[in-house]
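Here's the structure we're looking at; comments come further down.
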Amino acid sequence: MNSWARLALGATTTGAATLAYAAGIERRRWTLRENTLPVLASGARPLRVLHVSDLHLTPRQFSKQRWVARLAELEPDLVVNTGDNLAHPRAVPAAMAALGPLLDLPGLFVFGSNDYFGPRPKNPARYLVKSSRRSHGEPLPWRDLRAALLERGWHDATHARIDLTVAGIEVAAAGVDDPHLGLDRYDRVAGRRESAGLRLGLTHSPEPRVLDRFAADGYDLVLAGHTHGGQLRVPGIGALVTNCGLDRSRARGASRWGAHTWLHVSAGLGTSPFAPVRFACPPEATLLTLVPRLSLASAARATPASAPVDVG
1 MNSWARLALG ATTTGAATLA YAAGIERRRW TLRENTLPVL ASGARPLRVL HVSDLHLTPR
61 QFSKQRWVAR LAELEPDLVV NTGDNLAHPR AVPAAMAALG PLLDLPGLFV FGSNDYFGPR
121 PKNPARYLVK SSRRSHGEPL PWRDLRAALL ERGWHDATHA RIDLTVAGIE VAAAGVDDPH
181 LGLDRYDRVA GRRESAGLRL GLTHSPEPRV LDRFAADGYD LVLAGHTHGG QLRVPGIGAL
241 VTNCGLDRSR ARGASRWGAH TWLHVSAGLG TSPFAPVRFA CPPEATLLTL VPRLSLASAA
301 RATPASAPVD VG
């Protein structure tokens with residue numbers, strides 16, 4: 001065998017092994033991430049927020065359902081779901097089985113495009129080229145899911161301003177409908193919230209136009225999903241795409257958005273049934289511990305080891 005044949009065989013073997021790992025192992029490697037964000041007022045007690053997103057459930061994904069349900073054992077103070085729960089017209093029971101134990105806790109949600117419309121096969125190359133074209137699959141039973149979540153006490157933050165008290169902290173929350181579909185109408189929730197311990201924004205797709213509006217209104221933290229963290233990440237490089245207007249460096253984790261606002265983007269827990277692979281980006285939920293912001297004096301004394309990082 002000549003050297004070119006060996007090279008071709010090696011590349012083929014490596015590619016096949018990588019695909020087998022991405023499809024058969026990593027996409028089921030359920031991962032809990034933890035992060036601490038300084039977003040609360042001075043003197044506030046820490047607040048634990050569980051961020052789940054992009055479950056993309058089909059009826060028989062029992063391993064995912066069991067893992068998500070067990071997240072209730074973390075006993076977070078608040079659960080936030082940023083959409084794309086469904087990937088099948090009969091997936092509402094699966095979603096309720098997964099989220100059921102979490103529904104005993106205070107919760108907020110907004111929906112994403114794959115709550116409204118089912119997935120369709122796509123050429124992966126389309127994700128590398130920006131396009132305004134949208135190809136929708138069959139309608140999904142989002143109204144049934146919404147009714148079930150509301151019945152259990154969670155709040156729909158879609159184009160709503162919601163005030164609630166969580167673990168003694170006044171939370172002023174607001175959300176928008178999915179910007180990926182152009183459904184966001186931020187003007188319906190616009191305006192500053194002056195008397196809250198935490199100003200919390202929700203959006204499925206972290207489009208900069210929406211993040212800018214939340215930041216201008218003084219929100220402390222915005223939670224989003226949609227990006228899947230890039231889904232296929234290159235070690236040493238990171239995400240190749242975000243499938244939205246967000247820059248690739250923010251495809252997952254926490255970062256600053258302006259001088260005051262923090263952004264957290266979940267890499268999510270699922271994939272499209274037509275692209276069931278993940279690489280260097282395991283499916284995740286995140287437990288965020290929110291703590292008081294550093295005072296100016298404390299910030300001046302902070303060392304690189306103790307200061308909060310900008311990207312998680």
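Here the sequence shown is numbered in the UniProt record's numbering, starting from 1 and rising by one per residue. Glycine residues also receive a C-beta, built at the ideal position from the N, C-alpha and C atoms. Just so it is clear, the structure is predicted and the values come from calculations on it, not from any experiment.
In the three-state DSSP reduction, P93 falls in the helix class (H, G or I).
For the pair P273 and E26, the CB atoms are not nearer than the 8 Å cut-off. Rounded to the nearest angstrom, the Cβ distance from G83 to S53 is 7 Å, consistent with a contact under 8 Å. By the Cβ rule, the stretch 136-150 does not count as touching the stretch 48-66, because fewer than three pairs are nearer than 8 Å. The straight-line gap separating the alpha-carbon atoms of R120 and G137 is approximately 6 Å.
When beta bridges are read from the DSSP output, I169 appears opposite V166.
When the five nearest sequence neighbours on each side are left out, the beta carbons in the same chain lying within less than 6 Å of the beta carbon of V39 are those of D220, L221, W262, L290, in order along the chain. The C-alpha of A94 lies about 21 Å from the C-alpha of S266. The straight-line gap separating the alpha-carbon atoms of Q65 and A98 is approximately 4 Å. Pairing A157 with G175 gives a Cβ-Cβ distance under 8 Å. Per DSSP, reduced to three states, the secondary structure at D177 is coil, with no helix or strand assignment. The Cβ neighbour count for F109, taken over all protein chains shown within 10 Å, is at least 16; the residue is labelled buried.
The Cβ atoms of A87 and G197 do not sit closer than 8 Å to each other. Put simply, of A285, V68, P276, G182 the residue whose alpha carbon is nearest the alpha carbon of H264 is A285. Sorting A251, G218, A173 by C-alpha distance to the C-alpha of H228 places A251 at the top.
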